[in-house]
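Data first, discussion second: the structure below is written as structure tokens.
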Amino acid sequence: MSALKAKHQRLVLIVIALLVLVAAGLLAAWSLRNQANYFYLPSQMAENPPETGQAVRLGGMVEQGSLETMPDGVTIAFVVTDQDEARVPVRYRGIVPDLFVEGSGVVAEGALAADGIFEATNLLAKHDENYVPRELQEMDQHQAAKMAEETTVGIE
Amino acid sequence: MIAELGLAALWLAAALAALQLAGGALAQRGETPLQPLVRPAAILQGLLAGFAFVMLLWVFAVTDLSVKLVAANSHSLKPMIFKIAGAWGNHEGSMLLWVTVMALAGGLIALIERRLPERTMQATLAAQGFVALGFYAFLLFSSNPFERLPVPAPEGLGLNPLLQDIGLAFHPPTLYIGYVGLSVAFSFAVGALLTRQVTPEFARVMRPWVLGAWVFLTIGITAGSYWAYYELGWGGWWFWDPVENASLMPWLAATALLHSASVLAARDALRAWTIMLGVVAFSMSMVGTFLVRSGVLTSVHAFAVDPERGSFILALLALYIGGALLVFALRAGSVSEGQRFAALSREGALVFNNVMLSAILGIVLLGTLYPLLTEAFDVRVSVGPPYFNPASAIFAIPMLLVMAVGPLLRWRGDKFERISVPVAITVAIVVTVALIIGVATAPGLLPLLGLAISIGLAVASFWPLKGRRLTRVPLATWGMVIAHFGIAIALFGMASEGAFTKERLIALAPGGSTEIAGWQVTLEGVDPVAGPNWTALEGHLLAARDGGEPVRLDPQARNFWAPPQETTESALLTRWDGQLYAVLGDRASDGRWQLRLWWKPFVTLIWYGGLLVALGGVLAIIGRVLSDLKRRRIRVLAAERRSEQAMGAVS
Numbered sequence: 001m002s003a004l005k006a007k008h009q010r011l012v013l014i015v016i017a018l019l020v021l022v023a024a025g026l027l028a029a030w031s032l033r034n035q036a037n038y039f040y041l042p043s044q045m046a047e048n049p050p051e052t053g054q055a056v057r058l059g060g061m062v063e064q065g066s067l068e069t070m071p072d073g074v075t076i077a078f079v080v081t082d083q084d085e086a087r088v089p090v091r092y093r094g095i096v097p098d099l100f101v102e103g104s105g106v107v108a109e110g111a112l113a114a115d116g117i118f119e120a121t122n123l124l125a126k127h128d129e130n131y132v133p134r135e136l137q138e139m140d141q142h143q144a145a146k147m148a149e150e151t152t153v154g155i156e
Numbered sequence: 001m002i003a004e005l006g007l008a009a010l011w012l013a014a015a016l017a018a019l020q021l022a023g024g025a026l027a028q029r030g031e032t033p034l035q036p037l038v039r040p041a042a043i044l045q046g047l048l049a050g051f052a053f054v055m056l057l058w059v060f061a062v063t064d065l066s067v068k069l070v071a072a073n074s075h076s077l078k079p080m081i082f083k084i085a086g087a088w089g090n091h092e093g094s095m096l097l098w099v100t101v102m103a104l105a106g107g108l109i110a111l112i113e114r115r116l117p118e119r120t121m122q123a124t125l126a127a128q129g130f131v132a133l134g135f136y137a138f139l140l141f142s143s144n145p146f147e148r149l150p151v152p153a154p155e156g157l158g159l160n161p162l163l164q165d166i167g168l169a170f171h172p173p174t175l176y177i178g179y180v181g182l183s184v185a186f187s188f189a190v191g192a193l194l195t196r197q198v199t200p201e202f203a204r205v206m207r208p209w210v211l212g213a214w215v216f217l218t219i220g221i222t223a224g225s226y227w228a229y230y231e232l233g234w235g236g237w238w239f240w241d242p243v244e245n246a247s248l249m250p251w252l253a254a255t256a257l258l259h260s261a262s263v264l265a266a267r268d269a270l271r272a273w274t275i276m277l278g279v280v281a282f283s284m285s286m287v288g289t290f291l292v293r294s295g296v297l298t299s300v301h302a303f304a305v306d307p308e309r310g311s312f313i314l315a316l317l318a319l320y321i322g323g324a325l326l327v328f329a330l331r332a333g334s335v336s337e338g339q340r341f342a343a344l345s346r347e348g349a350l351v352f353n354n355v356m357l358s359a360i361l362g363i364v365l366l367g368t369l370y371p372l373l374t375e376a377f378d379v380r381v382s383v384g385p386p387y388f389n390p391a392s393a394i395f396a397i398p399m400l401l402v403m404a405v406g407p408l409l410r411w412r413g414d415k416f417e418r419i420s421v422p423v424a425i426t427v428a429i430v431v432t433v434a435l436i437i438g439v440a441t442a443p444g445l446l447p448l449l450g451l452a453i454s455i456g457l458a459v460a461s462f463w464p465l466k467g468r469r470l471t472r473v474p475l476a477t478w479g480m481v482i483a484h485f486g487i488a489i490a491l492f493g494m495a496s497e498g499a500f501t502k503e504r505l506i507a508l509a510p511g512g513s514t515e516i517a518g519w520q521v522t523l524e525g526v527d528p529v530a531g532p533n534w535t536a537l538e539g540h541l542l543a544a545r546d547g548g549e550p551v552r553l554d555p556q557a558r559n560f561w562a563p564p565q566e567t568t569e570s571a572l573l574t575r576w577d578g579q580l581y582a583v584l585g586d587r588a589s590d591g592r593w594q595l596r597l598w599w600k601p602f603v604t605l606i607w608y609g610g611l612l613v614a615l616g617g618v619l620a621i622i623g624r625v626l627s628d629l630k631r632r633r634i635r636v637l638a639a640e641r642r643s644e645q646a647m648g649a650v651s
């Protein structure tokens, strides 16, 4: 049981551990780069739409007068806008979060469908007045002021 | 008066922490007059912090509205249980709870831990005092929970309704005991490094403490997940929310630490690595506290934003982690000599487990911090399940596979032939299950792997008992078997829920009915109901399975008035093979009510698995403590016998 061998083994272990950790880091960095396109404002989505079916988040204001409920009673349609007047139609099947209202901020999780409508699987909105989704926090100065009062949160 | 008593106790406790630090540090240079004071100081500090916390509970229980914290977070109409829980459901109170747990843990070590060399214990208690001192400063200078209002408030503002839930009332203390318990691992690690006493005995001393913290963390995470599942009404059990990650990261580090401490205790290897994990585990608790308390990340669990507090915790974080890493860099070289082992050995498997856990920890840490990093460059990103799930699975899957066979390996070195039969059986089970489920249901890659591996692991976790007299298997081994089995059970629940959940979203008029996964669900009606500090709309559902006896389900949409907020109270119906989950939504213009129904097969196994893991930890603690006591008794008996012989020789 020579000291040299013990040292040698320790070195091999350290190298393997480092390699795995570096691999984890690279993997994380690579997938996080892909996630960099995860959050869209309506204007960004209009300019450079994500691929159909790719899971992304869309954040903006629910346009006044755009909210309607489909005859099945559980599907709603509305339009998300931002200050650049870009408009993205959204369809959502589900129970809307508390305080989800027109003129308020929302983050929709989902994907762009083939017909150009954003198919939301989850809406993030009000939970607590202290908690505003990061994406909505400083989206834009004039919206921010408004959202500070009206918007809230969901999480994920 | 009560509040002032609490504050005074806090100042005294801080002074004792300073004494503990000074005395323990001076003891490193040899005998000093302060040295005998260190242990009593630690014990008294624990008692005083506990006293301060009881005073806080008191002002909350009587709703003393002249105390700012009570006025801001409580309300006279609140049920008593939530008045008390309100004491820690806020920033100041939870920081006081943090310090209290830390001080009590320090006091407990000072009181009962006698196995390590006294110099190492002095260094450990000094480190414990050092860490506590930072938190006392934080409380006393920037987050005083006992601050008075110039004029008492007429009424309190109330507690966030999401927190008014029995599960959540006891969830934070549980998590905190786990979080802060890891400070003990940190202090032990620093103490051992300072005195270069990183021995198997050190690992044996540290292990029950880490196990204890880890059990509480496990229960806390399990309970938190169940809370998110039924209270938020979203039907999910893990959202990769920053606050959830903040509890997962120390758990991953502590899990790695437990396993590497086993190697150190049994085989005197992985010395420096074990010390490193002790530092990392508590650092992750601190990182978590920073993320949650600083407001840099928003989350449903995070409290209001306050940059000053964030900076304070960040400074403490830098001081403790930086200091510990500095000591580590200076001293690691002198402790790292250890025993050798072959790649195919118990140690080899445990090293593999450690590396994989560290990789997952890295993945979660990077994903949680990434939005902060990009924000520095003005890019807003949110990182969610599409990142966390696959990235962590890449490392979790090989880890789970090795976990199935690792406990069968012998220490030091082993031959593959010796374990080839159990390995072959396990692999056969995994492959068969994967084929059957894959062909029958095509549930998607991750759930499929999860189901197959969980069944293989569930069987394999009992291999270590094979051929042994069950009554003679040590409790610690039972603990390992049950904890590993619990992981398999939880994994099965997760994969099954992920693969086979059925969902129905429908608008029903009263009297209308729908069908989901063999359940016939009828909406009888919706009525207003009132609670102590809320009103609600309550849906009355009757659910019958395959024509059987109908069972009631009453989901609510609650309105709290202080503060005004709506919450969803889901209704759950539990059966042996899954849960029916109902949420009441809005009323559509035509008078129909929105209903969301889920059938979640075996979802409860997620939490039963978590509890089994914790139970395994408890058994391991009991086993370790009992065997230590036995060893001590044998030593005492041997000493007595020796002295008797000596007496005999004299006479």
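Here the protein sequences line up with chains A and B, keeping their order.
Quick note: the first sequence uses full-length UniProt numbering, first residue 1, plus one each step.
Quick note: the second sequence uses full-length UniProt numbering, first residue 1, plus one each step.
Just so it is clear, CB atoms sit at the ideal spot from N, CA and C, and this is done for glycine as well.
- In the three-state scheme derived from DSSP, where H, G and I count as helix and E and B as strand, B/D577 is classed as coil.
- A/V62 and B/T567 have their C-alpha atoms spaced approximately 22 Å apart.
- Taking the beta carbon of A/L11 as reference, no residue of chain B falls within 7 Å; the closest one sits roughly 11 Å away.
- Between B/A536 and the set B/D586, B/L194, B/W227, B/A281, the nearest pair of CA atoms involves B/D586.
- Looking at B/Q520, B/A507, B/L553, B/F560, the one whose alpha-carbon comes closest to that of B/A530 is B/F560.
- Within chain A, the residues whose beta carbon sits less than 7 Å from that of B/Q594 are G73, V74, I95, listed in sequence order.
- At a cut-off of 8 Å between C-beta atoms, A/A55 counts as an interface residue with respect to chain B.
- Selection B/L125, B/L182, B/W88 evaluated against B/L44 yields B/L125 as nearest (Cα-Cα).
- Counting C-beta atoms within 10 angstroms of its own C-beta, B/I109 has 16 or more neighbours from the protein chains shown and is therefore classed as buried.
- B/F202 counts as buried, since no fewer than 16 other beta carbons sit within 10 angstroms of its beta carbon.
- Where A/Y92 is concerned, the enclosing beta strand (DSSP E) starts and stops at 87-93.
- Taking C-beta atoms under 8 Å as the contact rule, B/Q128 and B/S183 qualify, at a distance of about 7 Å.
- When C-alpha distances from B/A153 are compared across B/A169, B/K83, B/S76, the shortest belongs to B/S76.
- The bridge partners DSSP lists for B/H540 are B/G525.
- Within 10 angstroms of the beta-carbon of B/N90 lie 16 or more other beta-carbons, which makes it buried.
- Contact annotation, B/A103 with B/G46: C-beta distance approximately 4 Å; criterion of less than 8 Å satisfied.
- Counting of Cβ neighbours within 10 angstroms places A/W30 among the exposed residues, the total staying below 16.
- For the region 355-366 of chain B, the residues whose beta carbon sits under 7 Å from a beta carbon of chain A are, in order, V355, S358, A359, G362, I363, L366.
- Short of 6 Å from the beta carbon of B/L7, and not among the five residues preceding or following it, lie these beta carbons of its own chain, in chain order: F146.
- For the region 183-210 of chain B, the beta-carbon criterion of a distance under 9 Å to any beta-carbon of chain A is satisfied by none of its residues.
- Between the alpha carbons of A/V56 and B/V327 lies a distance of about 44 Å.
- At a cut-off of 8 Å between beta carbons, B/D268 makes no contact with chain A.
- DSSP links A/Y40 through a beta bridge to A/L58.
- Residue-level contact by beta carbon fails for B/G322 and chain A, as no gap is shorter than 8 Å.
- In terms of Cβ geometry, B/I81 and B/I219 do not form a close pair [threshold 8 Å].
- In the three-state reduction of the DSSP assignment, A/G110 falls in the strand class.
- What A/L27 touches in chain B, judged by beta-carbon distance under 8 Å, is I363, A391, I394, going in chain order.
- Collapsing the DSSP output to three states places B/W593 in a strand.
- For A/I76, the enclosing beta strand (DSSP E) starts and ends at 75-81.
- Our two residues, B/F462 and B/W478, have alpha carbons roughly 9 Å apart in a direct line.
- For B/K502, the beta-bridge partners assigned by DSSP are B/W599.
- For the region 214-258 of chain B, there is no continuous beta strand (DSSP E) assignment of 3+ residues that stays within its boundaries.
- Cα atoms of B/L615 and B/N353: separation of roughly 21 Å, rounded to the nearest angstrom.
- Closer than 8 Å to the CB of B/D586 there is at least one CB belonging to chain A.
- Look at B/S513 here: in three-state DSSP terms it is strand.
- B/T535 carries a strand assignment under DSSP once its states are collapsed to helix, strand and coil.
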